[in-house]
Amino acid sequence: MNIKDYILVIAEKPKSAEKIAYALGNPKKYRINGVPVWFVMRGTSRFVIAPAAGHLYTLHTESKGFPVFDYKWVPKYIVEPESIFTRKYLNVLSMLAKNAKEYINACDYDIEGSLIGYMIIKNIGDIKRSKRAKFSSLTASEIVRAFNNLLPLDYNMIEAGYCRHILDWLWGINVSRMLMSIYRSVFNEKRILSAGRVQSPTLSYVVNIDLQRKTHVPVPYAYPSIKIFIDNKIFKLIPIDSPFNSLSDAKEYLENIKRDPRATVLDIIVRDERIEPPHPFNLPDLQSEAHRIYGFTPYKTQKLAEDLYLEALISYPRTNSQKLPPTLNNREILEKLSQNIVYRTLVKTLLAETRGILRPNNGPKEDPAHPAIYPTGEGTLKGLSKDHIKLYDLIVRRYLATFANPAVVQYVRIEFIVHGRRYYLSTNIVRSRGWLQYYPYIHFNGEEISLKLLRKGLQIPIHEAKIVIHFTKPPHLPSKISLVKWMEEKGIGTEATRAEIVETLFKRGYLYMRGRGSGVSELGILISFLLKDYVEELISVELTRKFEERLNMILNMKAKCDDIVEEAKEMLLKYINRVKSLDIQTLRAEISKYIEMSDNNGRRCMICKRSVYANNLCIFHNIALENIRSAYETWRKFGFSWTQYLEKLLKLKSTGSYVKEVCRHLIKQGEF
DNA sequence: GCAAGGTC
Ligand SMILES: [Zn+2]
Numbered sequence: 001m002n003i004k005d006y007i008l009v010i011a012e013k014p015k016s017a018e019k020i021a022y023a024l025g026n027p028k029k030y031r032i033n034g035v036p037v038w039f040v041m042r043g044t045s046r047f048v049i050a051p052a053a054g055h056l057y058t059l060h061t062e063s064k065g066f067p068v069f070d071y072k073w074v075p076k077y078i079v080e081p082e083s084i085f086t087r088k089y090l091n092v093l094s095m096l097a098k099n100a101k102e103y104i105n106a107c108d109y110d111i112e113g114s115l116i117g118y119m120i121i122k123n124i125g126d127i128k129r130s131k132r133a134k135f136s137s138l139t140a141s142e143i144v145r146a147f148n149n150l151l152p153l154d155y156n157m158i159e160a161g162y163c164r165h166i167l168d169w170l171w172g173i174n175v176s177r178m179l180m181s182i183y184r185s186v187f188n189e190k191r192i193l194s195a196g197r198v199q200s201p202t203l204s205y206v207v208n209i210d211l212q213r214k215t216h217v218p219v220p221y222a223y224p225s226i227k228i229f230i231d232n233k234i235f236k237l238i239p240i241d242s243p244f245n246s247l248s249d250a251k252e253y254l255e256n257i258k259r260d261p262r263a264t265v266l267d268i269i270v271r272d273e274r275i276e277p278p279h280p281f282n283l284p285d286l287q288s289e290a291h292r293i294y295g296f297t298p299y300k301t302q303k304l305a306e307d308l309y310l311e312a313l314i315s316y317p318r319t320n321s322q323k324l325p326p327t328l329n330n331r332e333i334l335e336k337l338s339q340n341i342v343y344r345t346l347v348k349t350l351l352a353e354t355r356g357i358l359r360p361n362n363g364p365k366e367d368p369a370h371p372a373i374y375p376t377g378e379g380t381l382k383g384l385s386k387d388h389i390k391l392y393d394l395i396v397r398r399y400l401a402t403f404a405n406p407a408v409v410q411y412v413r414i415e416f417i418v419h420g421r422r423y424y425l426s427t428n429i430v431r432s433r434g435w436l437q438y439y440p441y442i443h444f445n446g447e448e449i450s451l452k453l454l455r456k457g458l459q460i461p462i463h464e465a466k467i468v469i470h471f472t473k474p475p476h477l478p479s480k481i482s483l484v485k486w487m488e489e490k491g492i493g494t495e496a497t498r499a500e501i502v503e504t505l506f507k508r509g510y511l512y513m514r515g516r517g518s519g520v521s522e523l524g525i526l527i528s529f530l531l532k533d534y535v536e537e538l539i540s541v542e543l544t545r546k547f548e549e550r551l552n553m554i555l556n557m558k559a560k561c562d563d564i565v566e567e568a569k570e571m572l573l574k575y576i577n578r579v580k581s582l583d584i585q586t587l588r589a590e591i592s593k594y595i596e597m598s599d600n601n602g603r604r605c606m607i608c609k610r611s612v613y614a615n616n617l618c619i620f621h622n623i624a625l626e627n628i629r630s631a632y633e634t635w636r637k638f639g640f641s642w643t644q645y646l647e648k649l650l651k652l653k654s655t656g657s658y659v660k661e662v663c664r665h666l667i668k669q670g671e672f
């Protein structure tokens, strides 16, 4: 390659490079060492568009131990074996950078993209001869507009990205090393442990749920169970009013019914409801639906979607947007999709019922760099697994559905009154399937209720009435998908990282699969509580808020990265010095609070080997005891003596394990 | 060896 006098355009990834190249003119594609690059003339200027593959540089240290503050930037492929694929991208960019007369950072317009391009130009190009292309989407007109209005390098964004990297690195590496050091000194065993701004609050969330379950004391409540006949079909009425909290109130109510066993129809509501089509998929919604419909974990869905993207079957999947770009040629995509026999009829129906007016039901969620996920109509499914095809099918159907007509569902609700308490029956009947034809994964139809004999004020004999005692249940163990959703809701992690970070918690042995839920290991509990004791900031999502606030200050030139990094180092030093000042006995004593150590020589819980916290019990058994005591008040109103109560708790499935252990202990002790 | 963030 002897051409000089060209401008090197750096894209974040190959797919973006291609779009940029085609927006700028009529490009010619080459492959250098397996990396695609595009040459294009624009006016009298020659552009060479070459891709990165995300971050090509990362932070690294050679130092052992902690605190560790001497990081440096190095090519990623050198220090991360799993990033070896970035080597060829960096090599091709280096080669092209040598003779380039100018450099344009055309990575995604966010802090990470600004940093990706900057690091490349700084290391293998020349920042004095560089510019930034700023576009909000990768459409031809946006790209052209950006190249007609090239900006100087966006140093504020670069600095914010730079700072985000360093902060996460400092917190993550230092605290991880501190945990490993504590673990090794106490257990005389090496073990890989980790902590971080995103993973640690997530772990702590699961540990809290696990603790709630283990210390759960079911509390009784009573609902009337009333059955009536409507047109020879039996129905159980659903209570509207709150339950009885004492057995005597419930029994009194039942007596009233026995005296006068009639239900009166209060109201009959029949109305048609329009159910709008679903929004186009973003990654969280896709992960959620693939889990609901096919049982895929969020990580699996993400990997499958990435494969489909690399096969050009779908658009970029790591997006939070629920909006299809207004410039998207949906007509053309539909025509291509209809070449697949599976979708031919569906596409035909869709074009007929929309009369060709394709307006997606875009949702509110946005993404700084990418639109919602849609099928391209291109690529081939040949050689892909059954699961790939399932996911592709889901994406195509969702895409079709979002253009379709609303579904019309007839909603029927009948309200009753029985001795001053209200009940209802309800059902749905799909009147017009609309978008459900394309996306038939939601079932609206309920049991049919015949309305022909019903009218307001009608009194219907009660067929059966009894009081049913229910017990409160603890929260479920969160599934992987609910953890990803929780992270999204709390605003930690990104589309690209959440599912993977959940997997990290499993890889570390903090969590394990218990059915579809995530159980917490003793190690997970220990790590979560040690962090709470020694680095409390790290188990809260507020640390992310604090980072965001600092990064925003950098963006607004109200702070410098160096000062923020200094602040973080000071905080970390404070935490680290405190832990370093503790002797091994103190650490052992601390750990003995949370897990059972066979050589715990301190005062032990009467039930387990953990150290005493209060009432001669460890921290967990003591919570259980307090819950047992405070829940008894309600149980008493249901006629349970203290002993009967404890014995009943032992029999109930939803009673927490720590609670059962305390019950056995109390019974054995004869504390009646 | 450890994070979280990009992406093949
Ligand atoms: Zn205990």
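Residue numbers for the first sequence follow UniProt numbering, so the first one is 1 and each next one is one higher. Note that the Cβ used here is the ideal one computed from N, Cα and C, for glycine as well.
Test item: CB-CB of residue i and residue j under 9 Å
i           : j      : result
residue 749 : His665 : The question about residue 749 has no answer, for the chain in this structure spans 1 to 672.
Val520      : Val206 : yes
Ser246      : Thr643 : no
Leu587      : Val175 : no
Leu505      : Gly524 : yes
Asp387      : Tyr294 : yes
Leu56       : Ile127 : no
Ala465      : Ser432 : no
Ile49       : Val9   : yes
Thr349      : Gln437 : yes
Tyr424      : Ile238 : yes
Ile527      : Leu193 : yes
Val79       : Thr497 : no
Alpha-carbon spacing of residue i relative to residue j, whole angstroms
i      : j      : result
Ile417 : Thr427 : 18 Å
Ser654 : Lys473 : 6 Å
His216 : Ala624 : 7 Å
Phe620 : Asn188 : 26 Å
Pro201 : Leu538 : 7 Å
Asp533 : Tyr103 : 49 Å
Lys593 : Val612 : 7 Å
Gly117 : Glu549 : 24 Å
Ile462 : Phe444 : 28 Å
Tyr89  : Glu366 : 30 Å
Pro440 : Glu448 : 20 Å
Asn615 : Arg545 : 38 Å
Leu555 : Lys4   : 36 Å
Phe281 : Leu254 : 50 Å
Ala499 : Tyr399 : 23 Å
Val484 : Leu283 : 11 Å
Arg359 : Ala404 : 8 Å
With 16 other Cβ atoms within 10 Å as the buried cut-off, status of residue i
i      : result
Ile84  : exposed
Val40  : buried
His370 : buried
Asp154 : buried
Thr297 : buried
Val342 : exposed
Ile240 : exposed
Ser114 : buried
Residue i Cβ short of 8 Å to ligand 1 heavy atom set
i      : result
Phe620 : yes
Leu617 : yes
Arg610 : yes
Ile230 : no
Ile607 : yes
Problem set entry | Within the segment 485 to 523, ranges of the alpha helix (DSSP H) (whole runs, at least 4 residues) | 498 to 507
Exercise. Which whole runs of the alpha helix (DSSP H) in the segment 561 to 634 are 4 residues long or more, in chain order?
Worked result: 561 to 580, 584 to 594
For this session: With a floor of 4 residues, list each alpha helix (DSSP H) that falls wholly inside the UniProt domain "Toprim" (6 to 139), ordered by position along the chain.
Result: 14 to 24, 76 to 79, 86 to 98, 111 to 124
Exercise. Considering only residues of the segment 240 to 267, which uninterrupted beta strand (DSSP E) runs meet the minimum length of 3 residues and lie entirely inside it, listed in chain order?
Worked result: none
For this session: Can you check the segment 400 to 486 for any beta strand (DSSP E) of at least 3 residues that lies completely inside it and give the ranges in chain order?
Result: 407 to 418, 421 to 432, 459 to 471
For this session: Can you check the segment 341 to 382 for any alpha helix (DSSP H) of at least 4 residues that lies completely inside it and give the ranges in chain order?
Result: 341 to 353
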